[in-house]
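Engineer: Each residue of the sequence shown is one higher than the one before, counting from 284 in UniProt numbering.
Dumping the structure here so I can ask a few things about it.
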Amino acid sequence: SIPLSFFGGIGAASRAGVLVKGSNYLEALTHVKTFVFDKTGTLTKGKFAVTKVLPNEGVSETELVFLAACCEQFSPHPIARSIVDYYDGELKKGDVSDSRELVGLGVSANHDGKTIYCGNAKLMRKVLPETKLPESEIGTQVYVAYDGKYVGSLEVADVIKEDSKEAVSDLRTASVQKIVMLTGDARKVGEGVARELGLDDVKTELLPQDKLEEVEKLKSKLDDQDKLAFVGDGLNDTPVLAQSDVGIAMGALGSDAAVEAADVVLMSDEPSAIVRVMKIAVGTRKIVW
Ligand code: ADP
Ligand code: MG
């Protein structure tokens with residue numbers, strides 16, 4: 284039978300803005316030794332703004348921004364939204380056809396019978412392996428190729444959530460031994476965020492299946508009774524949420540699929556809510572035992 288106080292714990296968690304889908308997850312939280320965070324939308328706000336436009340030689344800024352916005356107009360990714368917002372012209376449905384989301388890489392679409400690719404270095408290495416790409420430490424570069432040629436890049440920048448740093452350091456004192464970040468973003472950007480937050484490790488340029496593998500590796504390093512929690516916004520990381528001992532989703536920013544796959548949902552999207560629910564979990568256990 285389930286001890287009554289666990290229901291009390293679930294109630295207390297919900298008053299603290301955290302939905303816990305079962306008392307077993309509250310119990311599991313007290314055994315979490317490794318915390319794995321997604322970056323975009325989880326530790327950072329996932330609200331991008333275009334900060335730089337770098338057209339290639341012979342290409343105008345307007346042309347570059349138009350091609351990027353065209354290609355991104357049907358993507359739900361926050362990077363895509365920032366590029367479409369930045370473009371101040373008009374976008375017509377007929378401008379593109381055959382839009383595709385290339386998960387963890389970017390997007391592609393057809394314009395005027397030619398293909399536009401818009402995305403990260405990993406994507407460009409497949410599409411234009413010879414091209415030397417500009418890099419940046421602050422923002423994420425979105426590279427654009429059109430008709431088999433490199434046309435330039437847009438730099439987009441996101442910001443770390445106000446409470447991420449404190450949440451990470453408070454988690455550490457809550458008997459958590461390892462806090463890592465997994466991201467599909469560029470190495471320099473991921474390492475910058477990890478340094479700023481004082482994380483133990485960071486793995487970058489990961490596709491969704493790479494994130495699954497990393498989580499499996501981290502799980503295999505734990506003792507039997509120890510648990511791994513993954514925190515994500517569900518954009519490309521729903522499988523990892525489902526696979527972790529405790530999957531924690533951002534409720535407001537996250538997708539419906541993420542909220543469904545998760546064991547714990549943070550209504551406010553604040554990493555500090557995890558610290559609150561960890562304390563409630565420990566308090567609840569004390570009453571039970
Ligand atoms: P994270 O793992 O940080 O949550 P995602 O898996 O959502 O990031 O995306 C990984 C990377 O793929 C992004 O940093 C970006 O470089 C690229 N990317 C994904 N979707 C798009 C898009 N619609 N437009 C441009 N780049 C994209
Ligand atoms: Mg994400």
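Even glycine gets a Cβ: it sits at the ideal position worked out from N, Cα and C.
1. Could you name the residues of the same chain whose beta carbon sits closer than 6 Å to that of ASP430, not counting the 5 residues immediately before and after it, in chain order?
2. Please say whether VAL514 and PHE320 have beta carbons closer to each other than 7 Å?
3. Here's the rule: buried if 16 or more other CB atoms are within 10 angstroms of the residue's CB, otherwise exposed. What is ASN307?
4. Run the proximity test for VAL410: is its beta-carbon closer than 6 Å to any non-hydrogen atom belonging to ligand 1?
5. By a C-beta neighbour count over all protein chains shown, 10 Å radius and 16 as the cutoff for buried, is ILE531 buried or exposed?
6. Can you list, in chain order, the residues of its chain with a C-beta nearer than 6 Å to that of SER380? Leave out the 5 residues immediately preceding and following it.
7. Report the start-end ranges of each alpha helix (DSSP H) in the segment 357 to 384 that is 4 residues or longer and not cut off at the edges.
8. Is the distance from the Cβ of GLY475 to the Cβ of GLU438 below 7 Å?
9. Three or more C-beta pairs closer than 8 Å, one from the segment 436 to 456 and one from the segment 313 to 333: is that the case here?
10. On a Cα-Cα basis, can you pick out the residue from GLU373, ASP368, ALA469 and PRO417 that is closest to LYS405?
11. Return yes when at least one heavy atom of ligand 1 lies under 6 Å from the C-beta of ASP552, else no.
12. Compute every distance between the C-beta of ASP368 and the non-hydrogen atoms of ligand 1, then say whether any falls below 6 Å.
13. Are there three or more Cβ pairs, one per stretch, closer than 8 Å when the segment 478 to 490 is compared with the segment 330 to 344?
14. Buried or exposed: which applies to LYS504, given that a residue is buried once 16 or more other Cβ atoms fall within 10 Å of its Cβ?
15. Taking Cβ positions, are ALA363 and GLU355 nearer each other than 7 Å?
16. Below 8 Å on the Cβ atoms is my guess for ALA440 versus ALA332; work out the distance and round it to an integer in Å.
17. Exposed or buried, what is GLY377 when buried is set at 16 or more other beta-carbons lying within 10 Å of its beta-carbon?
18. Using 6 Å as the cut-off, classify the Cβ of SER503 as near or not near the heavy atoms of ligand 1, replying yes or no.
19. Taking 7 Å as the limit between beta carbons, can you name the residues of its chain near PRO522, skipping five residues before and five after?
20. Are the Cβ atoms of THR313 and ALA525 separated by less than 7 Å?
21. Compute every distance between the C-beta of HIS314 and the non-hydrogen atoms of ligand 3, then say whether any falls below 6 Å.
22. Counting Cβ pairs closer than 8 Å, one from the segment 551 to 562 and one from the segment 454 to 464, do we hit at least three?
23. Would you say the beta carbon of ILE462 is closer than 6 Å to some non-hydrogen atom of ligand 1?
24. For ligand 1, is there a heavy atom less than 6 Å away from the beta-carbon of ALA363?
25. Look at the alpha carbon of ASP371 and the alpha carbon of ASP395, and state the distance between them as a whole number of angstroms.
26. To the nearest angstrom, how far is it from the Cα of VAL386 to the Cα of VAL498?
Structural biologist: The answer reads as follows:
1. LYS397
2. yes
3. exposed
4. no
5. buried
6. ASN393
7. 361 to 369
8. no
9. yes
10. ALA469
11. no
12. no
13. no
14. exposed
15. yes
16. 6 Å
17. exposed
18. no
19. PRO491 and LEU495
20. no
21. Ligands displayed in this structure: ligand 1 and ligand 2; ligand 3 is not among them.
22. yes
23. no
24. yes
25. 21 Å
26. 18 Å
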